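So the structure is just underneath, and the comments pick up after that.
2 protein chains.
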Amino acid sequence: MTFDVPAHSATSAGKPAGRIRQKNEEAIIKAAEEEFARHGFKGTSMNTIAQTVGLPKANLHYYFNNKLGLYLAVLSNILELWDSTFNTLTVDDDPAEALAGYIRAKMEFSRRYPKASRIFAMEVISGGECLSQFFNQDYQSWFRGRAAVFQAWIAAGKMDPIDPVHLIFLLWGSTQHYADFASQICRVTGRSRLTKQDFAEAGDNLVRIILKGCGLTPPTA
Amino acid sequence: MTFDVPAHSATSAGKPAGRIRQKNEEAIIKAAEEEFARHGFKGTSMNTIAQTVGLPKANLHYYFNNKLGLYLAVLSNILELWDSTFNTLTVDDDPAEALAGYIRAKMEFSRRYPKASRIFAMEVISGGECLSQFFNQDYQSWFRGRAAVFQAWIAAGKMDPIDPVHLIFLLWGSTQHYADFASQICRVTGRSRLTKQDFAEAGDNLVRIILKGCGLTPPTA
DNA sequence: GTCTATACGTTGATAGAC
DNA sequence: GTCTATCAACGTATAGAC
Chain A
357 MTFDVPAHSA TSAGKPAGRI RQKNEEAIIK AAEEEFARHG FKGTSMNTIA
407 QTVGLPKANL HYYFNNKLGL YLAVLSNILE LWDSTFNTLT VDDDPAEALA
457 GYIRAKMEFS RRYPKASRIF AMEVISGGEC LSQFFNQDYQ SWFRGRAAVF
507 QAWIAAGKMD PIDPVHLIFL LWGSTQHYAD FASQICRVTG RSRLTKQDFA
557 EAGDNLVRII LKGCGLTPPT A
Chain B
357 MTFDVPAHSA TSAGKPAGRI RQKNEEAIIK AAEEEFARHG FKGTSMNTIA
407 QTVGLPKANL HYYFNNKLGL YLAVLSNILE LWDSTFNTLT VDDDPAEALA
457 GYIRAKMEFS RRYPKASRIF AMEVISGGEC LSQFFNQDYQ SWFRGRAAVF
507 QAWIAAGKMD PIDPVHLIFL LWGSTQHYAD FASQICRVTG RSRLTKQDFA
557 EAGDNLVRII LKGCGLTPPT A
C-alpha cells in the first residue's frame with residue numbers, strides 16, 4: 357500500500373505489473389494525492405508531483421497516460437477504499453447499534469484518510485463530473501438500499517419517522533466535516549492537529565445526538 | 357450588489373470609487389467567484405475571468421493588484437456577508453427557538469449563496485492560510501462566545517450536557533453540506549437541482565433531529 | 001482610465017537518445 | 001524501460017500607446 361490511501365491495481369488498464377513499475381506507480385499516486393487534496397485537479401501540476409517523487413516528469417506520462425489518467429487512478433483508489441469500508445447497515449441489524457457503528461466507521465475514515473476525503477470533497481465541489489464514470493447504477497441502488505433500511509426500521513416502529521435521505525446526508529456531512537474542515541477546526545479551537553481522542557470524542561457526541569434525535573437509545577445504555 | 361455575494365467596498369484599500377470603477381469591480385468579482393468556486397485559487401485563471409467579464413485581462417490587474425488581491429477581495433466579501441447574517445444566539449434566547457433559527461439561517465445561506473460556501477470550503481480544504489488575515493481575535497472570541505451560550509443553557513438545565521464545540525461543528529457540517537455537496541446530492545437523488553422546498557425540508561429535518569438530540573422540544577410544538 | 005502588445009515563466013505532453 | 005531536451009500553449013503580470 358502507498359500511504360494514506362492504499363493503492364491496489366489502479367493502473368491504466370492492462371499493463372504488466374513489474375516490481376519497479378508497481379513501486380513507482382504507488383509513489384506517484386502517493387505524491388499525487390497530496391497535491392490533488394490541496395489544489396484540486398486543475399490546480400495541481402504534474403511537475404510538482406514529479407519533483408516530490410523524485411522522478412522525471414516524463415515518467416508520469418509513461419505510467420499514466422496523462423494528468424486526467426493519474427487523477428482517475430487516484431479517485432479509483434479512494435472509491436475502492438470507500439467501498440471496502442462501508443458494507444454495513446442491513447434491515448436485520450439493531451438500529452441503534454448499526455447507526456452508531458456507521459457513524460464511528462465514518463469518523464474513523466475521516467481520521468485515517470483525511471486526504472482521500474478532501475480529494476473527494478474538492479471533486480464534488482468542482483461539479484463531480486469525473487465521478488460519473490465511477491457512479492454507475494450500483495451507486496444509486498446502494499443509496500436507495502440504505503434509505504430503504506431506515507424506512508423499514510421506521511415502519512417497524514423502531515425509530516422516529518425521519519426522511520432517510522436527509523438522515524444519510526446528515527451522517528455524511530457531520531462526519532466528513534472533521535476531515536475536510538480540519539484546518540478550520542484547529543484554527544478555531546487553538547489546536548495544532550486533531551488527535552485520535554478528538555475524533556473519538558467527536559464520534560461519541562455525534563452518536564449521542566443523532567441517535568437520540570432519531571428516537572433511538574444508545575446500544576450501551 | 358453583484359449577484360450571489362453582494363460586493364460592497366472590497367477594493368484594495370484607498371482607491372476612489374467612481375461609477376465605472378464600481379460597476380467593473382463588481383462584474384469582475386462576480387465572474388471571479390464563479391471560477392474560484394469551481395477550481396479554487398490555484399486552479400483559477402485570470403484569463404478565463406477576463407473573458408467571462410468581457411474585459412481585457414490587463415484591467416483585472418488595474419482594479420486589483422494581482423490574482424491574490426482579487427481572491428482576497430472575494431473572500432472579504434464572503435466573510436462580510438457571513439458576519440452580517442449570523443448575529444444571533446445569546447444567553448437570553450429560548451434555546452429551542454434560537455437553535456432552530458440558527459439552523460434555518462444557515463440553510464438559507466447555503467441555498468442563497470452556494471458559491472460563497474464552496475469558495476470558503478475550497479479555501480479551508482486547501483489549508484486556509486489566506487483566511488489568517490481575516491480571522492483575527494474576534495473570530496476565536498465569537499466562537500467561544502457561542503460555545504459559552506450553549507454551556508450556560510446546559511448549566512441552567514435547559515438542554516442535555518453536550519460538548520458545545522462539537523455541537524457547533526455538527527451545525528456547520530450538516531448545513532454547509534447542502535451547498536458544498538449539492539452536485540452529489542443531485543446525482544444520488546436523481547434531481548437536476550435543489551429547490552427551495554428541498555432546502556426547507558432538509559432544514560426541518562435537521563431542526564427536528566438536532567433539537568431532540570439535544571433534549572429540546574421544538575418551538576412550535 | 002483603458003486597452004494593445006508583449007515579456008517571461010510554467011504548464012502538459014512528446015520525441016528521441018540511451 | 002528510463003531520462004534529457006524540447007515544444008506549443010497557457011499562466012501572471014507589465015510597459016506603454018491612446
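If you're matching them up, the sequences are chains A and B in order.
Just so we're aligned, residue 357 is where the first sequence starts under this note's numbering, counting upward by one.
Just so we're aligned, residue 357 is where the second sequence starts under this note's numbering, counting upward by one.
Glycine included, each C-beta is placed from N, C-alpha and C at the ideal position.
Because the structure is a prediction, the values reported are computed rather than measured.
Continuous alpha helix (DSSP H) stretch holding residue i: start and end
{"i": "residue 517 (chain B)", "result": "That residue, residue 517 (chain B), is in no alpha helix (DSSP H); it is neither H nor E in DSSP."}
{"i": "residue 451 (chain B)", "result": "451–468"}
{"i": "residue 513 (chain B)", "result": "Taken as a continuous stretch (DSSP letters only), residue 513 (chain B) belongs to no alpha helix (DSSP H), as it is neither H nor E."}
{"i": "residue 416 (chain A)", "result": "413–419"}
Cβ of residue i within 8 Å of any chain A Cβ
{"i": "residue 462 (chain B)", "result": "no"}
{"i": "residue 582 (chain B)", "result": "Any answer about residue 582 (chain B) is impossible in this case: the structure gives chain B only from 357 up to 577."}
{"i": "residue 394 (chain B)", "result": "yes"}
{"i": "residue 569 (chain B)", "result": "yes"}
{"i": "residue 438 (chain B)", "result": "no"}
{"i": "residue 366 (chain B)", "result": "Confidence at residue 366 (chain B) is low in this model, with a pLDDT of 42, below 50, so its placement is unreliable and the value that follows should be read with caution. Output row for residue 366 (chain B): interface = no."}
{"i": "residue 540 (chain B)", "result": "yes"}
{"i": "residue 430 (chain B)", "result": "no"}
{"i": "residue 530 (chain B)", "result": "yes"}
{"i": "residue 442 (chain B)", "result": "no"}
Sequence-distant residues of the same chain with beta carbon closer than 7 Å to residue i, five excluded per side
{"i": "residue 423 (chain B)", "result": "402"}
{"i": "residue 441 (chain B)", "result": "461, 465"}
{"i": "residue 457 (chain B)", "result": "444"}
Closer than 8 Å to chain B by CB, residue i
{"i": "residue 423 (chain A)", "result": "no"}
{"i": "residue 537 (chain A)", "result": "yes"}
{"i": "residue 557 (chain A)", "result": "yes"}
{"i": "residue 374 (chain A)", "result": "no"}
{"i": "residue 519 (chain A)", "result": "yes"}
{"i": "residue 426 (chain A)", "result": "no"}
{"i": "residue 447 (chain A)", "result": "no"}
{"i": "residue 565 (chain A)", "result": "yes"}
Reduced DSSP category for residue i - H, G, I as helix; E, B as strand; rest coil
{"i": "residue 549 (chain B)", "result": "coil"}
{"i": "residue 570 (chain B)", "result": "coil"}
{"i": "residue 404 (chain A)", "result": "helix"}
{"i": "residue 435 (chain B)", "result": "helix"}
{"i": "residue 426 (chain B)", "result": "helix"}
{"i": "residue 544 (chain B)", "result": "helix"}
{"i": "residue 496 (chain A)", "result": "helix"}
{"i": "residue 392 (chain A)", "result": "helix"}
{"i": "residue 397 (chain B)", "result": "helix"}
{"i": "residue 446 (chain B)", "result": "coil"}
{"i": "residue 489 (chain B)", "result": "coil"}
Own chain, CB closer than 6 Å to residue i, minus 5 neighbours either side, in chain order
{"i": "residue 364 (chain B)", "result": "Residue confidence for residue 364 (chain B) is low, a pLDDT of 48 falling below 50, so the modelled location carries little weight; the figure read from the coordinates is stated next. Cβ within range, chain order: n/a, list empty."}
{"i": "residue 514 (chain B)", "result": "451"}
{"i": "residue 453 (chain B)", "result": "575"}
Residues of its chain near residue i, where Cβ-Cβ distance is below 8 Å and the 5 sequence neighbours each way are ignored
{"i": "residue 502 (chain A)", "result": "445, 520, 524"}
Exercise. What residues from the stretch 494–514 of chain B come within 8 Å of chain A, judged by C-beta to C-beta, listed N to C?
Worked result: Those would be 495, 496, 499, in chain order.
Problem set entry | Against chain B: residues of the stretch 456–490 of chain A by CB proximity under 7 Å | When C-beta distances to chain B are compared with 7 Å, the residues of the stretch 456–490 of chain A below that value are 474, 477, 478, 480, 481, 482, 483, 484, in chain order.
Exercise. When you check each C-beta in the stretch 394–411 of chain A against every C-beta of chain B, which residues fall closer than 9 Å?
Worked result: Contacts with chain B (Cβ-Cβ distance below 9 Å) from the stretch 394–411 of chain A involve 394, 395, 396, 397, 398, 399, 400, 401, listed in chain order.
Problem set entry | Within 8 Å of chain B by C-beta, residues of the stretch 543–557 of chain A in sequence order | Across the stretch 543–557 of chain A, CB contacts with chain B closer than 8 Å involve 543, 544, 545, 546, 557, in sequence order along the chain.
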